[in-house]
Amino acid sequence: RQGVLIPKDNIRNLVLREDVVQAVRDGLFAIYGVESVDQGMEVLTGIPFGEPDEKGNYPEGTLNHALTKNLELLAAKSREVGARGDGERDEMGETPSQGPA
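So the mapping is simple: the working numbering equals the position in the sequence shown, first residue as 1, plus 4.
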């Protein structure tokens, strides 16, 4: 199935060719009016974006939770590389200052 995301406010001004209208009627094409990038990501992935709780944490199973966890892993790796300093090679044979060996 194919489709398009457009700003919700633009739906009222939408002018479509008849073949596109028919494809929408036949369920072959979808037009999603979204109010935010968050909403668009939910449409594209089928996964809720997630709202933070009072401590700033996102519920498991949400895009924001997965993004937060990935950023935490990247930050930890960056700190690890920085702590090694120059001269030490990582698992890819690279040093922080020299690049590939």
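Cβ coordinates follow ideal geometry from the N, Cα and C atoms, glycine included.
* Look up residue 75 in the DSSP assignment and say whether it is helix, strand or coil. => helix
* **Extent of the continuous beta strand (DSSP E) to which residue 2 belongs** => In the structure displayed, the chain extends from 5 to 105; residue 2 sits before or after that span and is not available.
* So, helix, strand or coil for residue 19, using DSSP? -> coil
* Take the Cβ of residue 54 as the centre, count every other Cβ of all protein chains shown within 10 Å, and call the residue buried at 16 or more, exposed below. => buried
* **Residue closest to residue 71, alpha-carbon to alpha-carbon, out of 82, 86, 45, 83** => 45
* **Range covered by the alpha helix (DSSP H) that runs through residue 44** => 41-49
* Is DSSP giving residue 7 helix, strand or coil here? -> strand
* Asked: With contact counted as at least three CB pairs below 8 Å, one residue from each stretch, are the segment 28-40 and the segment 7-18 in contact?
  -> yes
* Asked: If you draw a straight line from the C-alpha of residue 14 to the C-alpha of residue 84, how long is it?
  -> 47 Å
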